[in-house]
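> First to last, the protein sequences are chains A and B. If you read the first sequence in our numbering, its first letter stands for residue 12, the second for the next number, and so on. If you read the second sequence in our numbering, its first letter stands for residue 43, the second for the next number, and so on.
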Amino acid sequence: MSGPNTSFDPKQVAVLSAEAVATMVTAALLATSAAPDLGALKAVRLAHAGDRSPLAVANRDIGALPPAAKAEVGKRVGEARGVVTAALDARQEELERARDEFALAEEFVDVTLPTVRNPLGARHPLTTVMERICDVFIAMGYDIAEGPEAEAEWINFDALNVPPDHPARTMQDTFYVTSPESGVVLRTQTSPIQIRAMLDRPLPIYVVAPGRVYRTDELDATHTPVFHQVEGLAVDEGLTMGDLKGTLDHFAQEMFGPGIVTRLRPSYFPFTEPSAELDVQCFVCRGASVDKPERPCRSCGNQGWIEWGGCGMVNPRVLRAVGIDSSKYRGFAFGMGIERTLMFRNGVTDMRDMVEGDARFSLAFGLDS
Amino acid sequence: MRAPVSWLRELVDIPVDQSGRDIAARLIRVGLEVETVETVGGGVTGALYLGKVLQIEELTEFKKPIRWCQVDVGTPGGGIHGIICGAQNFVVGDIVVVALPGTVLPGGFEITSRETYGHISDGMICSERELALSEEHDGIMVLPTGTAGADAGPIIGVGEEVLDIAVTPDRGYALSLRGIARELAISYGLPFRDPGLSVADLLAPGADAAPAQCGSDDFEACALFTLRTIVGFNPKAASPQWMKQRLTAAGMRPVSLAVDVTNYVMHELGQPLHAFDLDKLSGPVRAGWAEPGSILETLDHVTRELGPDDLVILDNDGIVGLAGTMGGLDSEIDDDTTSIALEAAHFAANVVARMSRRHKLSSEASRRFERGVDRTLAPYASARAAALLIEYGGGHYVGMTAVEAPYEPMVISMPSREPAAVAGMPIEADVVVGLLEAVGCQVLSIDNQLEVAAPPWRSDLTDPADLVEEVVRLVGYDLLPSTLPVAAAGHGLSKSQRLKRLIGLTLAARGSVEVLNYPFVGADELADLQLAVGDIRRSRVRLANPLSDQQPYLRASLLPGLLATVRRNAGRGLNDLSIFEVGAVFQGECDQPPPRPSVLMRPSADEWAALNALLPSQPVHLGVVLAGERELASWWGPAQSQGFADAIQLAQVVADVIGTEITIGQGHDEVFHPGRCAGIECAGQSVGVAGELHPRVIQAWSLPARSSALELDLDALIAAAPDLRSAPVVSSHPVAKEDLAVVVPDSVTAAAVLQALGSGAGELLESIRLFDIYRGPQVPAGCYSMAVALRFRAPDRTLTAEETARARQGAINRAAADCGAVIRGA
């Protein structure tokens, strides 16, 4: 290394002239921009910004200059090195980006390939309809009650005001467990859950009870010996048939759409008095197809109404059988078939589809109905 | 119950413009469910004429006798027509029903003029069946009188509208024209002519003969028994055409005058009647209980064994009928009967219902008695019947004998505002009284409290609620307001309901499809499951009246139904399948004598417990069956079969979803592959089983090879689920990872090794994960190597190398002690 200059010798330091530095910079920039890849750029960086590059040598030679010249030349060389380094860095980034993009481009795939390796399963639509019904009533403050499918005959019939020789027992064809005298039946309706709810729960009572029920019908397109119902029961002070009607109207709207109403027709059930058949307005034609054969409605058969279930005010005899004071409390109850609901709500045309367990049937509904 | 409209119009002056459908709508509104409105001969279009047979030429050259007839159908029908006819039951001069060319008969059969049997047949002489009036086809219709050329339709009942009404069990009175017409009168606001209150004029009995005597042994069961005697009856007398038509329209086959009259009056008034051949009876006739071991052959030619619960009609020689149900064959009216004993009685509803059920015998009479017949109607009805018998069959009225218990109407006390309070809308007291009187009640008002005497034909009216229904239904349910009660604050879904939903959603989201199988199983299916004697899944709950004798049991396991469903799906080409079911199974016995608590009060705690003790145990189970491939072959790689591990994993997933801790151990179960079955325990109790099905089960059920299954007691799992879950301490200090491999004998399960390593590692252990299993030359024979990743972390500090090493050694030491594990490479 050269020692400090004690005298200024312009010849000795020609390489530090402005022209010379500019030439070095030009050469470096040219080489930088010409570097085709990162390997070449590495060589360029060594040649033009490395320890032995002309600018590095020039920088070292500054030390030999007289003090008066050091500042000016130092500034010139410093700026030159800055320009070259910046150009090298920019080119470096540019080449790295190009390399990365190339690599990513190499990883191109067809994203429209099928991706479902593990397809979704399904819940049975009867289950999801029952859950939907439960949710509607939970939102109204009701609880969900349950009871056993093999049920005491006394609870399924006697306590519901169907005494042993009552013709109503032959209305429903009952499966008896073990023997006709065993006192155990497969429940013919969800109504025994009313009895359990009234014996188990404090007043007032607001419950719905979905469940499986049994009648001795052979399976065909419209009958099944095993089916599902949902039962509703409210026991409170001052309940009226208007309250029953309003509750059913709200329920119908939640299930079938805004504005749908219900219709009650007088009927008979041993456990309600007064009793009514419950019709729901056809949610497809809303009655517009009635008496218009030119406008067939498959949903209601041009009736405008669809039979949905039964309902009424809890018979005071039923309240008495569970020890509820009918001079203080009144109740209303209703029940409807879930299969039937699914048939007209979702367009199921054959009961057998709901019982055979063909996976394609449930899969069409997915996780909701 | 079929009600011809013309019959109803005899009792109520329904406006002439009201069609059968209009009338039906009125009845439906008040609660009589009219199922159909039919038109008699509704398939006939075009004219039908009465024709007079002028000439018959027998054509004998054909295989069967054929007649070439000249029939005068009068000026309206175009005079005399030549018609070919195959029937033989008419003679020259008879009045017949003729369809001329152009008329279309039911079934779209158009009459044309055509050549047949060598003549041009220019029309058709009709039978009842050809006009869809009845099934009668023994010959053509021959009318007793008529004018050739008259419109035959109204005369033979074509065009009559008939309402078919499904009568609910409480409304016995509606099993009569009388009852239906009363409802109709109220509904139209018109007067009702009650045929049950008019006494037919019967000539005074002659003094030369005494009426047959009658009696009742038990006035509880038979409160009223009447017997009218008629002698000199012409057994050959025919029923009038109008009566036959009405009976046919009402769905009853005309038989003979005596039978037709009793049916006609029963249909009109609702009182069953029975006509005995008096000459076949011996001595007084009475209602009484059958001796044990008695026998009666009823009119349906069935010989029935009777017992002391059977109320029967007796004479001196024995039993002549089942009271209110069916008469005996030996005392039946026949073609030679000239003396008739006409029984009209009132039998208790529950007595007849029991007999009808016991003998599986439902008759027109029993249907009415078990629903309640007018308590006072018998003598009126029998007078009406006797008058008709004498009018059309001649004979001489001898008189009536009767026995009757005192009758007191049911009196019900009800506040006059009760109907309004129950309905939730104003109903004035005078409206309440008016409507109750319209249905036949007598109403005494004491201030605001009504004392209401129910009419004798309304045995269903016993409680205030019954009166409320009468009032509100007649006011109209369509006028009810729509109000929403405010329910008490609810609780949302219960824990069990919530967790069951979560499980269903999880399984479905993981690709399983929910099914809902019938719970019926058969012995063959249980045998195909290879269940050992005494296995709890061997159903012991049996139905007394199964739909199929092949499946008389209730399932004690979900597997039979699921396996059958997998097989059905496979049969339809769905071989790669995961299905699940959540449902009750039935375990235990039903062998306790059933208690029958009073329904007049709340059952006692003991009674309630006894009722519930009758029932079999009915836990809710989860069952899953996996068949075929979980992941199909595609661009991502080869297919992945689902097997035992998938079934066991689902058990773990279900437990994790609800937060219940389970342990999985080697299991032994006849249904499953002996080496690929996991027993699942929760708190030391078995809660299920999972694994690959036994090859013999797979073969017996024709399932896809290597099908796997899982069955869990969901109630038990959910009961063990935490009510709330505690938050963990999440440490932010660094983790220390240690991998190690141990060699253990084949007899030691992986679970045991992991358990030992985990407990030996101490509380610094955060997680332990098996990442490889090795069997081969690198480890001793009869052993395998498990490679395990351990992660250690402290809640409050960075672990030192010494601490980590100590914990690692603790794990190794415990595994060595408990499982004979040797650290690999040591």
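Here a beta-carbon is modelled for each residue, glycine too, at the ideal position from N, C-alpha and C. No experiment lies behind these values; they were computed from the predicted model shown.
Can you tell which of Pro-136(A), Val-237(A), Val-36(A), Ala-31(A) has the C-alpha that lies nearest to the C-alpha of Leu-589(B)?
Here the closest residue by C-alpha is Val-237(A).
> Nearest by alpha-carbon distance to Gly-132(A): which of Glu-556(B), Pro-527(B), Val-134(B) is it?
Checked all of Glu-556(B), Pro-527(B), Val-134(B); the closest Cα to Gly-132(A) is Glu-556(B).
> Restricting to runs no shorter than 3 residues, where is the beta strand (DSSP E) found entirely within the segment 134-204 of chain A?
Listed in chain order, they are 161-163, 195-197.
> Are any of the Cβ atoms in chain B nearer than 8 Å to that of Asn-167(A)?
By this cut-off, Asn-167(A) is not an interface position.
> Give the list of continuous beta strand (DSSP E) stretches no shorter than 3 residues that lie fully inside the segment 549-627 of chain B.
The segment 549-627 of chain B contains these whole beta strand (DSSP E) runs: 619-626.
> Among the residues of its own chain, which have a CB less than 6 Å from the CB of Phe-267(A), if the five just before and after it don't count?
Excluding sequence neighbours, Phe-267(A) sits near Phe-294.
> Return the CA-CA distance between Thr-352(A) and His-533(B), expressed in angstroms with no decimal places.
Roughly 26 Å between the two C-alpha positions.
> What's the gap between the Cα of Leu-906(B) and the Cα of Thr-81(B)?
The question about residue 906(B) has no answer here: the residues shown for chain B are numbered 43 through 868.
> List the residues of chain A that Ala-530(B) touches, going by C-beta distances under 7 Å, in chain order.
Ordered by position in chain A, the residues that pass the 7 Å Cβ test against Ala-530(B) are Gly-152, Pro-215, Tyr-217.
> Go ahead and label Ile-815(B) buried or exposed: buried means 16 or more other beta carbons lie within 10 angstroms of its beta carbon, across all protein chains shown.
So Ile-815(B) ends up on the exposed side.
> Report yes if the C-beta distance between Thr-154(B) and Ile-126(B) is below 8 Å; otherwise report no.
No, the Cβ-Cβ distance between Thr-154(B) and Ile-126(B) is not below 8 Å.
> Tell me, please, whether the segment 306-317 of chain A touches the segment 216-233 of chain A by the rule of three or more beta-carbon pairs shorter than 8 Å.
The segment 306-317 of chain A is not in contact with the segment 216-233 of chain A.
> Just to make sure I have the definition right: I need the residues of chain A whose C-beta is within less than 7 Å of the C-beta of Ala-673(B). Which are they?
A small fix is needed here, since residue 673(B) is Glu in this sequence, not Ala. Chain A residues near Glu-673(B): Arg-128, Asn-129.
> Flag this pair as yes or no: are the beta carbons of Asp-369(A) and Arg-614(B) separated by less than 8 Å?
Contact: yes.
> What are the boundary residues of the alpha helix (DSSP H) that Pro-95(A) is part of?
Position check: residue 95(A) holds Val in this sequence, whereas Pro was assumed. Here the alpha helix (DSSP H) through Val-95(A) covers 78-117.
> From Tyr-449(B) to Ala-462(B), what does the alpha carbon distance come to, in whole angstroms?
Each residue's alpha carbon lies about 32 Å from the other.
> Please go through the segment 256-324 of chain B and give each complete beta strand (DSSP E) segment of 3 or more residues, from N-terminal end onward.
List check, beta strand (DSSP E) in window: 256-258, 264-273, 315-319.
> For Met-324(A), does the count of other Cβ atoms within 10 angstroms reach 16, so buried, or fall short, so exposed?
So Met-324(A) ends up on the buried side.
> So which residues of chain B does Asp-260(A) contact, with C-beta pairs closer than 9 Å?
The contacting residues are Ser-524, Leu-526.
> Check whether the segment 358-367 of chain B touches the segment 324-333 of chain B, counting contact only when three or more Cβ pairs, one atom from each stretch, lie closer than 8 Å.
The segment 358-367 of chain B, when compared against the segment 324-333 of chain B, does touch it at the 8 Å Cβ threshold.
> What residue range does the alpha helix (DSSP H) around Tyr-434(B) cover?
Start and end: 420-435.
> At a Cβ threshold of 8 Å, is Glu-160(A) touching chain B?
With 8 Å as the cut-off, Glu-160(A) counts as an interface residue toward chain B.
> Cβ closer than 8 Å: which chain B residues qualify as neighbours of Ile-149(A)?
Those are Gly-532, Gly-534, Leu-535, listed as they occur along chain B.
> Would you verify that the beta carbon of Trp-284(B) is, or is not, closer than 8 Å to some beta carbon of chain A?
So no, Trp-284(B) is outside the interface.
> Run through DSSP, which three-state label would Ile-810(B) get?
In the structure shown, Ile-810(B) sits in a strand (DSSP, three-state: E or B).
> Since Leu-185(B) contacts Val-86(B) with CB under 8 Å, what's their CB separation in whole angstroms?
17 Å between Cβ atoms; not a contact.
> Give every residue of the same chain whose Cβ lies closer than 6 Å to the Cβ of Gly-160(B), excluding the five residues on either side of it in the sequence, and list them in chain order.
Closer than 6 Å at Cβ, skipping near neighbours: no residue.
> By the 7 Å beta-carbon criterion, what residues does the segment 288-299 of chain A contribute toward chain B?
Taking 7 Å as the Cβ-Cβ cut-off against chain B, none of the residues of the segment 288-299 of chain A qualify.
> Residues bridged to Ser-28(A) by DSSP?
In DSSP, Ser-28(A) forms no bridge with anything.
> Using 8 Å as the limit for Cβ to Cβ distance, is Asp-187(A) near chain B?
This sequence places Tyr at residue 187(A); Asp is not what is there. For Tyr-187(A), the answer is yes, since a Cβ of chain B falls inside 8 Å of its Cβ.
> For Ala-531(B), I'd like the list of residues in its chain whose CB is within less than 6 Å of its CB, leaving aside the five on either flank, ordered along the chain.
Nothing meets the Cβ criterion.
> Looking at the unbroken beta strand (DSSP E) that takes in Thr-189(B), where does it start and where does it end?
No beta strand (DSSP E) holds Thr-189(B); DSSP gives it neither H nor E.
> Determine whether the beta carbon atoms of Glu-493(B) and Leu-503(B) lie at a separation below 8 Å.
Against a cut-off of 8 Å, the Cβ pair of Leu-503(B) and Glu-493(B) comes out as no contact.
> Taking its Cβ as the centre, do 16 or more other Cβ atoms sit within 10 Å of Met-362(A), making it buried, or is it exposed?
By the 10 Å Cβ count, Met-362(A) comes out buried.
> Compare the Cα-Cα distances from Thr-340(B) to each of Leu-74(B), Glu-374(B), Ala-332(B) and report the closest residue.
Among Leu-74(B), Glu-374(B), Ala-332(B), the Cα nearest to that of Thr-340(B) is on Glu-374(B).
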